Structure formats: structure tokens, C-alpha cells
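Report on the structure given below.
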Amino acid sequence: MPAVEATTPTLRKTALHSTHRQMGAKMVDFNGWEMPVEYPSAGGIIAEHMAVRTAVGIFDVSHMGDIRLAGPDALAAVQHISMNDASRLAVNQAQYSALLYPQGTFVDDVIIHRLAEHDYLLVINAGTREKDFDWVQENTRQFDCGVENLSDDFTQIAIQGRKAARLLQKLTDADLSGLRFYWVTYGTLCGLRNILIARTGYTGEDGFEIYIPSDELVSARVWQEILEAGAEFGVVPCGLGSRNTLRLEARLPLYGHEISDTINVWEAGLDRFCRMDKPEFIGQSALALAQASGTKRTLAGLEMIERGIARDGYKVLDGVGRELGYVTSGSYAPFFKKNIALAYVAPEFSALGNILWVEIRGRGVQARVVTTPFYKRPRTV
Amino acid sequence: MSYPTDFKYTKEHEWIKGDGKVATIGITHYAQDSLGDIVFVELPKTGTQITKGKTFGSVESVKAVSDLYAPASGVVTDVNAELANSPEKVNKDPHGSWMIKINLQDPNELNSLLSAADYEKFINEETAH
Chain Z
509 MPAVEATTPT
519 LRKTALHSTH
529 RQMGAKMVDF
539 NGWEMPVEYP
549 SAGGIIAEHM
559 AVRTAVGIFD
569 VSHMGDIRLA
579 GPDALAAVQH
589 ISMNDASRLA
599 VNQAQYSALL
609 YPQGTFVDDV
619 IIHRLAEHDY
629 LLVINAGTRE
639 KDFDWVQENT
649 RQFDCGVENL
659 SDDFTQIAIQ
669 GRKAARLLQK
679 LTDADLSGLR
689 FYWVTYGTLC
699 GLRNILIART
709 GYTGEDGFEI
719 YIPSDELVSA
729 RVWQEILEAG
739 AEFGVVPCGL
749 GSRNTLRLEA
759 RLPLYGHEIS
769 DTINVWEAGL
779 DRFCRMDKPE
789 FIGQSALALA
799 QASGTKRTLA
809 GLEMIERGIA
819 RDGYKVLDGV
829 GRELGYVTSG
839 SYAPFFKKNI
849 ALAYVAPEFS
859 ALGNILWVEI
869 RGRGVQARVV
879 TTPFYKRPRT
889 V
Chain B
56 MSYPTDFKYT
66 KEHEWIKGDG
76 KVATIGITHY
86 AQDSLGDIVF
96 VELPKTGTQI
106 TKGKTFGSVE
116 SVKAVSDLYA
126 PASGVVTDVN
136 AELANSPEKV
146 NKDPHGSWMI
156 KINLQDPNEL
166 NSLLSAADYE
176 KFINEETAH
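Going line by line, the protein sequences match chains Z and B.
Per the working numbering, the very first residue in the first sequence carries number 509; after that it's consecutive.
Per the working numbering, the very first residue in the second sequence carries number 56; after that it's consecutive.
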């Protein structure tokens with residue numbers, strides 16, 4: 509056992525930082541942010557994961573960034589910098605999309621919310637906040653559209669799980685039963701007026717993300733009120749550890765792992781969020797060329813057959829030890845009680861049922877290519 | 056959690072309990088608490104020679120993998136097979152859930168390890184900074 513890493517004082521903190529500390533969360537450095545990785549009081553990562561899969565859990569995701577584009581040309585600007593077709597969004601609708609480099613690789617993946625006729629909110633990753641904002645500003649200069657960095661304005665709390673709607677409905681006058689997945693609404697929440705409530709998440713479950721003012725006292729009060737209102741549903745506070753295992757089971761990409769500035773849209777398998785048929789966007793022509801020349805690697809789901817856990821960066825081998833690719837994310841999967849991974853391999857090795865080996869501490873450990881997402885939530889009527 | 060006074064400890068958070076020529080090895084409460092939910096323990100086979108200060112296996116939590124370092128040299132005489140299917144026992148009872156037993160090459164090697172009091176002092180310093 510090596511020494512446990514101590515966190516440094518230079519790390520950025522969310523408005524809920526002292527709340528996490530008071531609740532005994534274990535804190536870690538995540539992309540320069542001191543964030544809770546797990547709550548021993550909630551039972552730790554596995555218990556948090558299962559609470560979200562079977563009931564409800566809440567996450568502080570205030571480290572995520574927010575960029576607002578508003579003005580007469582807002583749609584044109586959003587269309588230019590993102591790969592999905594934002595012209596299909598109705599007011600109050602959201603979509604998963606990505607900002608691309610001209611090479612068709614990822615600046616970041618984003619959720620684009622259309623807040624009003626000419627007003628869009630892009631929710632971006634913590635580790636890419638500054639880069640994304642600069643990129644958006646730089647590439648929208650030609651449009652009559654303001655670009656605003658709202659990243660520090662919000663405390664963003666994710667309420668996730670099949671009981672999330674029942675929990676949140678206790679705290680707001682907004683009608684959540686009428687709110688569909690990837691739509692947003694506004695309401696009074698915990699006494700705060702006009703709060704943005706989005707039915708979105710990063711866990712593979714139904715759920716919501718709420719955007720409240722990043723005031724420490726207000727944030728702490730809302731966090732506490734959600735936990736109290738959720739007690740009857742078995743709510744637990746969750747950290748980034750379970751957020752990662754939940755998103756992995758649901759095959760949701762993580763920047764720096766499944767997507768990056770060297771991985772393109774086709775390789776990442778995000779085709780259905782990339783609208784090549786829209787008039788123009790950054791990365792489009794490179795993607796057209798890449799599509800014509802064929803994908804050289806593809807993201808495959810693996811399930812370990814032999815004992816061992818594939819971890820990020822481990823090599824994927826064939827039966828005679830030749831390197832075929834690498835693992836982007838790998839973990840014990842609490843819902844399945846199996847070890848799973850995502851890995852980039854050449855397409856000819858990615859057929860379902862194919863046997864591959866993951867090099868774990870110098871030894872090849874057998875794995876099988878399986879269908880993804882590993883986890884799909886049961887649809888309720 | 057108290058640290059048994061008849062154990063010796065390493066700065067890498069293993070414990071060892073000597074009994075004549077034989078010793079039992081596991082990881083400490085502090086180690087399991089730092090790791091979180093343990094989901095996999097990889098241990099050497101009976102008959103393997105392990106060397107003081109060198110890795111003899113690994114323990115994996117949901118988040119991370121950590122090497123296990125031998126507190127003393129010797130030959131593995133027994134492996135706790137129960138941990139293969141119930142690795143979470145290490146979380147529940149770290150000082151009772153032993154990992155391996157060895158035949159000590161030199162029982163005096165244990166003298167250089169930390170006492171329970173010294174180990175507690177060490178982890179308090181580690182947690183403080």
C-alpha cells in the first residue's frame with residue numbers, strides 16, 4: 509500500500525465544499541477541484557452506486573462549467589461550434605452534443621440547453637472549462653451573439669435515480685411529471701424562485717440537474733433539504749467514485765478517456781449525436797474524409813472472464829500477446845458484480861463474443877467483447 | 056479502530072503477527088479505509104518465496120489498485136482462500152482477515168517494524184498534512 513495522496517490547498521472548491529467535509533466525505537483532486545470521491549457515511553462507492561440504481565442519490569456537480577450564448581445569431585453560433593443539430597431544439601429542450609476541433613476530434617462533450625428563442629446554455633466539463641470558453645469565444649466572433657462564462661454562478665446538484673422525480677417534486681412547484689428526459693423547466697425550489705431544472709444526468713438513470721445560485725449558505729441549505737426530503741426514499745449523498753462507475757455501466761463517455769483531442773467522433777461511436785447533414789460545423793469536413801477512409805479503431809465493451817480488473821490505460825492484447833489497443837475506462841461494476849471496461853481496438857477485433865486479453869501487471873487476463881451500454885435502465889410506462 | 060499491540064506494522068500499511076517461525080500478514084484498518092470498497096485481492100500461491108520490502112500481491116478497490124509489500128521474507132505456507140470470493144471481509148475486519156501465512160526466514164526481521172503505538176503516530180501524521 510503506497511501512501512495516500514494528500515490534497516493541496518491550491519485546489520478549487522465548490523460552494524458545497526464545507527458541507528462535504530462536515531458530512532465526512534473523502535475528498536480527492538479531480539481535474540484541479542477538491543471534490544468528494546465517496547461518502548463513508550453513505551456506505552461508500554458501491555452503496556452509493558446501488559442507491560442510484562435502485563432508489564435515488566445526489567451529487568454535487570458544481571465543478572461543471574456553463575457557457576451562455578445569447579443574441580440574434582445564437583443559433584448560427586451554436587450550429588457552427590457543435591456537432592449535433594441545435595436547430596431541432598424547441599425552447600426548453602436539451603441535447604447531447606460536442607465541440608470539435610477542425611480534425612473532427614473533441615474539444616469537449618456538452619449538453620446544449622435552449623433556454624429561449626435566441627439563448628443557449630452549454631454545460632461543459634470541469635477539466636476543460638477555460639479551454640472550452642476560449643474555444644467558444646474564439647470561434648463565434650463572426651456572429652452577433654454574446655458569450656458569457658457562467659461557470660462560477662451556479663451550484664449544480666444532480667438528483668439521480670428512479671425515485672428522483674418523487675423526491676424533487678416535494679421541493680418544487682414545477683410540474684415534473686410533465687417534464688420529459690432532456691427537457692428543462694423552471695420553478696420555485698426550496699423557496700428559491702425561477703430555478704432551472706433539467707431532466708438530465710450522467711448515471712444511466714432518470715434524474716434531474718438543478719442550477720441554484722452558488723452562494724455557500726443557500727447551497728448548503730438546499731443540499732440539506734434534498735437529503736431530508738429524500739430520507740423516505742432512501743436518498744444518499746454520492747461522490748465522483750460512484751458517478752464514474754454509474755456512467756461507465758451506462759457507457760457514457762468521459763473526457764480524457766473515451767473522448768479526447770486525438771479521438772474522433774466515429775471512433776467514439778457517437779455517430780447519432782453528429783449531424784453530418786446539417787449545413788456546416790467545425791470538424792465536419794475532416795469527419796467526412798474519416799468516414800470515407802474507414803475507422804481504424806472502435807470503442808468496444810469488455811467483460812473480464814478471468815479474475816482481474818482492467819484499469820484505464822492497460823493494454824489490450826491478442827492470444828499471442830500482440831498489442832491491439834488500450835483500455836479507456838475499467839472498473840468493478842457494482843450493479844453486475846463483474847469487472848467491465850471500455851477499450852479502443854481495431855474494428856476487426858470488436859465483434860461481440862470475441863475473446864481478448866487485457867495486460868494486468870504483466871499478465872494477459874481473458875476478456876470477452878460484450879454489447880454496450882452494459883446497463884440500460886428499465887423503461888417504465 | 057484500535058491496532059493490536061501483538062502485531063507489527065509497515066509504513067505501507069501491512070500488519071504482521073509473528074508466532075515463532077510462522078507469521079500471519081494482512082492490511083491495516085487505515086489501509087482498508089483509505090482504499091474504500093475492496094473488490095479483488097490477488098495473493099501468491101503456497102510455496103512462493105516473498106522478500107521483505109518487495110510486492111507479494113495486490114488489493115483492488117472500486118477506485119484503485121494497490122500493491123502489497125512483504126513486511127518480512129519467507130515462504131508462503133497458507134493463503135486465505137475466503138478472500139477470493141469475499142474480498143469485502145478485509146473492509147469489515149481488516150485485522151482479522153489475514154491474507155497469507157509465511158515461514159519466516161529470519162524472525163528478527165520483525166524487530167525493525169513499527170509497533171502499534173508507532174504506527175498510530177505515523178498514520179496520524181500522514182492524515183494531518
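For every residue, glycine included, the Cβ atom is placed at its ideal position computed from N, Cα and C.
Keep in mind that this is a model prediction, so the values were computed, not measured.
Endpoints, beta strand (DSSP E) assigned at residue i
i	result
K823 (chain Z)	823-825
T806 (chain Z)	806-812
S113 (chain B)	110-116
R561 (chain Z)	Element bounds for R561 (chain Z): not the beta strand (DSSP E) but the alpha helix (DSSP H), 553-562.
G738 (chain Z)	From DSSP, G738 (chain Z) is part of no beta strand (DSSP E) but of the alpha helix (DSSP H) over 724-738.
F95 (chain B)	93-97
L123 (chain B)	120-124
8 Å contact criterion, which residue i and residue j should meet: CB distance rounded
i	j	result
L168 (chain B)	K63 (chain B)	4 Å
H571 (chain Z)	M543 (chain Z)	6 Å
I553 (chain Z)	G749 (chain Z)	4 Å
P580 (chain Z)	T663 (chain Z)	Not quite, the Cβ-Cβ distance comes to about 31 Å (not below 8 Å), so this is no contact.
D640 (chain Z)	R783 (chain Z)	Their Cβ separation, rounded to whole angstroms, is 20 Å, which puts D640 (chain Z) and R783 (chain Z) out of contact at 8 Å.
D92 (chain B)	N146 (chain B)	7 Å
Y840 (chain Z)	V120 (chain B)	That pair is no contact at about 11 Å.
Start-to-end residues for the alpha helix (DSSP H) that takes in residue i
i	result
Q650 (chain Z)	Taken as a continuous stretch (DSSP letters only), Q650 (chain Z) belongs to no alpha helix (DSSP H), as it is neither H nor E.
R751 (chain Z)	748-757
V773 (chain Z)	773-776
S793 (chain Z)	792-801
S526 (chain Z)	525-530
Residue(s) in a DSSP beta bridge with residue i
i	result
P142 (chain B)	DSSP output for P142 (chain B) lists no bridge partner at all.
N158 (chain B)	B:V77, B:V130
Q677 (chain Z)	DSSP output for Q677 (chain Z) lists no bridge partner at all.
G695 (chain Z)	Z:I703
N135 (chain B)	N135 (chain B) pairs with nothing; no bridge assigned.
R520 (chain Z)	Z:W541
Y659 (chain Z)	Just to set this straight, residue 659 (chain Z) is Ser in the shown sequence, not Tyr. Answer is none; S659 (chain Z) lacks a bridge partner.
W70 (chain B)	B:Y64, B:G81
A666 (chain Z)	Z:F567, Z:E717
L687 (chain Z)	Looking at the DSSP assignment, L687 (chain Z) forms no beta bridge with any residue, so it has no partner.
S89 (chain B)	S89 (chain B) is not bridged to any residue.
M535 (chain Z)	Z:P544
V744 (chain Z)	Z:G565
G573 (chain Z)	Z:I632
Closer than 7 Å: residue i CB and nearest the ligand ADP heavy atom
i	result
G151 (chain B)	Because no ligand of any kind appears in the structure shown, any question about the ligand ADP cannot be addressed here.
Task: Whole beta strand (DSSP E) elements within the segment 577-631 of chain Z, 3-residue minimum - done: Fully enclosed beta strand (DSSP E) runs of 3 or longer: 602-608, 614-624.
Open item on the list: Three or more C-beta pairs under 8 Å: does that hold for the segment 147-155 of chain B against the segment 76-90 of chain B?
Closed with: Pairwise C-beta distances place the segment 147-155 of chain B in contact with the segment 76-90 of chain B, as three or more of them are shorter than 8 Å.
TODO: Tell me the start and end of each unbroken beta strand (DSSP E) in the segment 832-877 of chain Z that is at least 3 residues and wholly inside, in chain order.
DONE: Counting only unbroken stretches of 3 or more residues, the beta strand (DSSP E) elements lying wholly within the segment 832-877 of chain Z are 846-853, 863-868, in sequence order.
Open item on the list: Taking contact to mean 3 or more Cβ pairs, one atom from each stretch, closer than 8 Å, check whether the segment 783-795 of chain Z and the segment 609-617 of chain Z are in contact.
Closed with: Touching, per the Cβ criterion.
Open item on the list: Below 8 Å, how does it come out for the segment 742-750 of chain Z and the segment 534-547 of chain Z: are there three or more Cβ pairs, yes or no?
Closed with: Taking 8 Å as the limit for Cβ pairs, the verdict is that the segment 534-547 of chain Z does touch the segment 742-750 of chain Z.
Open item on the list: Quick check: the segment 850-860 of chain Z against the segment 808-824 of chain Z, are at least 3 beta-carbon pairs closer than 8 Å?
Closed with: A contact exists between the segment 808-824 of chain Z and the segment 850-860 of chain Z.
Open item on the list: Closer than 8 Å is the cut-off here; do at least three beta carbon pairs connect the segment 517-529 of chain Z with the segment 702-714 of chain Z?
Closed with: Verdict: no, contact absent.
TODO: Check whether the segment 555-573 of chain Z touches the segment 522-531 of chain Z, counting contact only when three or more Cβ pairs, one atom from each stretch, lie closer than 8 Å.
DONE: By the criterion of at least three beta-carbon pairs nearer than 8 Å, the segment 555-573 of chain Z is in contact with the segment 522-531 of chain Z.
Task: Any 3 or more C-beta pairs closer than 8 Å across the segment 717-728 of chain Z and the segment 632-649 of chain Z - done: No, the segment 717-728 of chain Z does not touch the segment 632-649 of chain Z.
Open item on the list: Tell me whether the segment 834-842 of chain Z and the segment 119-139 of chain B touch, counting them as touching only if at least three CB pairs, one residue from each stretch, are closer than 8 Å.
Closed with: A contact is defined here as three or more CB-CB pairs under 8 Å, and the segment 834-842 of chain Z fails this definition with respect to the segment 119-139 of chain B.
Task: Stretch-stretch touch, CB-based, cutoff 8 Å, three pairs: the segment 855-864 of chain Z with the segment 875-888 of chain Z - done: Yes, since at least three Cβ pairs between the segment 855-864 of chain Z and the segment 875-888 of chain Z fall closer than 8 Å, the two stretches touch.
Open item on the list: Between the segment 795-806 of chain Z and the segment 771-786 of chain Z, can you find at least three pairs of beta-carbon atoms closer than 8 Å?
Closed with: Yes, the segment 771-786 of chain Z is in contact with the segment 795-806 of chain Z.
Task: Three CB pairs or more closer than 8 Å across the segment 616-629 of chain Z and the segment 595-602 of chain Z - done: Verdict: yes, contact present.
Open item on the list: Along the segment 65-92 of chain B, where does the CB come closer than 9 Å to a CB of chain A? Name the residues.
Closed with: Among the chains of the structure shown, chain A does not appear; the protein chains present are Z and B.
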